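Protein sequence lines, in the order shown, are assigned to chains A and B. In this text, residue positions in the first sequence follow the UniProt record's numbering: the first is 1, and each later residue adds one. In this text, residue positions in the second sequence follow the UniProt record's numbering: the first is 1, and each later residue adds one. Even for Gly, the Cβ is constructed at its ideal location relative to N, Cα and C. Just so it is clear, the structure is predicted and the values come from calculations on it, not from any experiment. Since the structure comes first, as structure tokens, the remarks are kept for the end.
Number of protein chains: 2
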Amino acid sequence: MSFVLAAVHYGYTISIAVGSMSDALDRSLLTNQIDAVDMIRLLPAVNDDHGGVIVDVQEPMDSKVFVGALRASMSQWKHEGKKGVWIKLPIGLANLIEIVVKEGFWYHHAEPNYLMLVYWIPETICTIPANATHRVGVGAIVLTENREMLVVQEKSGGFRGLGIWKIPTGVVDEGEDICAAAVREVKEETGIDAEFIEVVAFRQTHKAFFEKSDFFFLCFLRPLSFNIQRQELEIEAAQWMALPEFAAQPIAQKSGLFKRIIDLCLVKLDKNYAGFSPVSVSSSDDKPPYLYMNTRDLHQSSHTTTSQL
Amino acid sequence: MSFVLAAVHYGYTISIAVGSMSDALDRSLLTNQIDAVDMIRLLPAVNDDHGGVIVDVQEPMDSKVFVGALRASMSQWKHEGKKGVWIKLPIGLANLIEIVVKEGFWYHHAEPNYLMLVYWIPETICTIPANATHRVGVGAIVLTENREMLVVQEKSGGFRGLGIWKIPTGVVDEGEDICAAAVREVKEETGIDAEFIEVVAFRQTHKAFFEKSDFFFLCFLRPLSFNIQRQELEIEAAQWMALPEFAAQPIAQKSGLFKRIIDLCLVKLDKNYAGFSPVSVSSSDDKPPYLYMNTRDLHQSSHTTTSQL
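The following block contains the structure:
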């Protein structure tokens, strides 16, 4: 038992088909036997936080060695009462996917350079968490105090060539906070530095991209610079535009979203609209995640609330 | 040229290695030649909205036939000036993945039963959109008018066995609106019917699950029934709990999120807090997507705003 455990720990073991000790003393014979060694290699695995194991195959493996190792490992993990088994295969090892699938695994998710497969060992209900379901975009409303809005015309996408002025928008990068994404997109597309104030609305749409859904966060930013430096690759034109001119565009009469953006600009200029601002919720030693909330209402009510409990 | 186009249209074509017309008139010889046919099958593809093509391989194919078809198709698509090429392979055709990868494709995303691969033909910058980056969860704050909150203890997860009372939470299903998800989770876990009022805050965390990020929407709901029917599989206990009792839990002193939930309950009971309510933005003939916004502030300001443009 300790032998097998050690094997798991070190990632593999070699079960040599030795004959007798006297045979083993014959150096040449031993060499032959090692050549004909019966490799029962176990896959290197680390435990996850939910009673499962994660296998991160990084080196090429002969497919016969791999299938043997996988079966031996599965048997070992079942014996140990493991639950989910995750196998991460880099794209260079695409030849091993079929083997893993034939052993009953299914796909969990894929990124450009790897595929993650998964298997649920127990007979209880599978609690493998679902894959990511949403893409996330931001739109930046950047308004000056004299009621001008930062607008762009794009070189690609649905509005290409239509002369439509829109707010800067973009996709949130992997691991990026939406407040950071809004500031970055404004800077990238127009060269304008801006300070993130709050999320003023968000939209959820479905089947936006294959089966995936989409969140689009409308953000309000205060400009910190005013000299536009257009990004030439994606942006056809960029300017500060008076709000009535933006609202006079035909699209603003048709599109519910354009109408809402204009409404939001007007109430923001009135200072009558409270969106959600990011506040840190410190719960770990890492950089705390942001909780976006209506801090204006919360602060206005705060002296009342303490006396209420 | 029309031959090849027809081939694309019907999905495949057969290039018969015919000899001469006189040979062809010999019935038995023709039969032999068809047996030894040189299949140049093109993959069936539909155009996407961005100048690319999508191949949805549904039937098993011999790997040699497949590699020939893929190369002939790629050549054809290059000739036609296509951009992105998407190949969707069901899990049963995992044997074809290696071939597609060797032709230069990379993974885009995977769901349990298929893998999507992609290739960018032009020499311009690749504009293939990124895969989904976020998982989405909801937490439901269900408060009665006499200041009692719906709370549960879970049978699994980080709080398992710790006797911690928490709000009902869950994962948003694929294609589900967050307002619907909050109502569903409350019903599933506790049997309580509730009406969605608004999103009162949301949190974005990174690397929540492998490389993926996570949105957690805190929602406020009004209860429509009060008789709890606990879901036995996941929920250890469920009850209505006086707010001071919820706040007195040790976790509520430590966790920033628990503190914020209590703050939000108090200001909601005060009716001083405006969250984001879902409003339809009709932009297409489908069920319109929801835009979540602070409708209270918007309505309060609305007669001012119209006069401003």
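Item                                                                                                                                                                             : Value
Can you check whether the C-beta of Pro289 (chain B) is within less than 9 Å of a C-beta belonging to chain A?                                                                   : yes
Going by C-alpha distance, which of B:Leu93, B:Lys82 and B:Gly137 is nearest Phe66 (chain B)?                                                                                    : B:Leu93
Of the residues A:Ala69, A:Leu291, A:Val200 and A:Pro244, which one's Cα is nearest the Cα of Phe202 (chain B)?                                                                  : A:Leu291
If you follow the beta strand (DSSP E) that Thr205 (chain B) is in, where does it begin and where does it stop?                                                                  : Ala194 to Phe209
Say whether chain B places a C-beta atom closer than 9 Å to the C-beta of Trp106 (chain A).                                                                                      : yes
Under 7 Å between beta-carbons, which chain A residues line up against Gly275 (chain B)? List them in chain order, please.                                                       : Asn294
Go ahead and pull the three-state DSSP assignment for Val57 (chain B).                                                                                                           : coil
Under the three-state reduction of DSSP, which class applies to Val186 (chain B): helix, strand or coil?                                                                         : helix
When the Cα of Ser156 (chain A) is compared with those of A:Trp240, A:Tyr273, A:Val55 and A:Glu236, which residue comes out closest?                                             : A:Glu236
Could you check whether Gly104 (chain A) and Trp281 (chain B) sit closer than 9 Å to each other, using their CB atoms as the reference points?                                   : Going by the sequence as given, residue 281 (chain B) is Val instead of Trp. Not in contact: Val281 (chain B) and Gly104 (chain A) (Cβ atoms no closer than 9 Å).
Going by CA-CA distance only, name the one from A:Met74, A:His50 and A:Ala194 that's closest to Pro44 (chain A).                                                                 : A:Met74
Could you list the residues in the stretch 123-152 of chain A with a C-beta less than 8 Å from some C-beta on chain B, going in chain order?                                     : Ile125, Thr127, Pro129, Ala130, Asn131, Ala132, Thr133, His134, Arg135 and Val136
For Arg230 (chain B), which residues in chain A fall below 7 Å Cβ to Cβ?                                                                                                         : Neighbours of Arg230 (chain B) on chain A: none; closest Cβ ~17 Å, over 7 Å.
Taking the alpha carbon of Pro60 (chain B) as the reference point, which residue from B:Gly158, B:Ala132, B:Trp86 and B:Pro90 has its own alpha carbon closest?                  : B:Pro90
With 16 as the cutoff for other CB atoms within 10 Å, does residue 328 (chain A) come out buried or exposed?                                                                     : Nothing in the structure corresponds to residue 328 (chain A), since chain A is present only between 1 and 309.
With a cut-off of 8 Å on the beta carbons, I'd call Ala182 (chain B) and Phe196 (chain B) a contact; round off their distance for me.                                            : 6 Å
Take Arg230 (chain B) and list the residues in its own chain whose beta-carbon comes closer than 6 Å to its own, dropping the five residues that flank it on each side.          : Ala238
For the stretch 191-216 of chain B, list every residue whose C-beta sits within 8 Å of some C-beta in chain A, in sequence order.                                                : Val200, Ala201, Phe202, Arg203, Gln204, Thr205, His206, Lys207, Phe209, Phe210, Glu211, Lys212, Ser213 and Phe215
I'd like the list of long-range same chain contacts for Asn32 (chain B), defined as Cβ closer than 8 Å, with 5 residues on each side in sequence excluded.                       : Residue confidence is low: Asn32 (chain B) scores 43 on pLDDT, short of 50, so the model does not pin down where it sits. Its coordinate-derived value is still stated next. Answer for Asn32 (chain B): no residue qualifies.
Taking the continuous alpha helix (DSSP H) assigned at Gln165 (chain B), which residues delimit it?                                                                              : Residue identity differs from the one stated: residue 165 (chain B) is Trp in this sequence, not Gln. Premise fails: Trp165 (chain B) is in no alpha helix (DSSP H) and is neither H nor E.
Name the DSSP bridge partner or partners of Ile87 (chain A)?                                                                                                                     : A:Val55 and A:Leu117
Please report how far the alpha carbon of Asn294 (chain A) lies from the alpha carbon of Ser277 (chain A), in whole angstroms.                                                   : 6 Å
Could you check where the alpha helix (DSSP H) with Val267 (chain B) kicks off and where it finishes?                                                                            : Gly256 to Leu269
Pick helix, strand or coil for Tyr292 (chain A), following the three-state DSSP scheme.                                                                                          : strand
Let me know the secondary structure DSSP gives Lys155 (chain A) once reduced to three states.                                                                                    : coil
Quick check on the burial criterion: 16 or more other C-beta atoms within 10 angstroms. Buried or exposed for Leu25 (chain A)?                                                   : A caution first: Leu25 (chain A) carries a pLDDT of 40, below 50, which makes its placement in the model unreliable, though a value can still be read off. So Leu25 (chain A) counts as exposed.
For Ser2 (chain B), name the three-state secondary structure that DSSP assigns.                                                                                                  : In this prediction, Ser2 (chain B) has a pLDDT of 26, which is less than 50 and means its spatial position is unreliable; nothing more can be read from the coordinates.
Taking C-beta pairs closer than 8 Å, name the residues in chain B that Arg71 (chain A) reaches, listed in chain order.                                                           : Within chain B, no residue comes near Arg71 (chain A); the closest Cβ sits about 17 Å away, beyond 8 Å.
Of all the CB atoms in chain A, is at least one closer than 9 Å to the CB of Val114 (chain B)?                                                                                   : The residue asked about is misnamed: residue 114 (chain B) is Tyr in this sequence, not Val. Yes, because at least one Cβ of chain A sits closer than 9 Å to the Cβ of Tyr114 (chain B).
Applying a beta-carbon distance threshold of less than 9 Å, which residues of chain A neighbour Asn47 (chain B)?                                                                 : Correct list: empty, because the minimum Cβ distance to chain A is about 15 Å.
Look at the Cβ atom of Val138 (chain B), then the Cβ atom of Leu150 (chain B), and state whether they are nearer than 9 Å.                                                       : no
Just to confirm my understanding: we take Ser216 (chain A), look at its own chain, exclude 5 residues before and 5 after, and list those with CB closer than 7 Å. What are they? : The residue you asked about is not Ser; residue 216 (chain A) is Phe in the sequence shown. Within the same chain, Phe216 (chain A) has close Cβ partners Gly137, Gly139, Phe202 and Arg203.
To the nearest angstrom, how far is the alpha carbon of Asp263 (chain A) from that of Arg184 (chain A)?                                                                          : 24 Å
Smallest Cα separation from Thr144 (chain B): which of B:Asn113, B:Ala194, B:Val172 and B:Ile97?                                                                                 : B:Ala194
Which one or two residues does DSSP pair with Cys219 (chain B) in a beta bridge?                                                                                                 : B:Ala140 and B:Val199
Who pairs with Arg135 (chain A) in a beta bridge, going by DSSP?                                                                                                                 : A:Asp214
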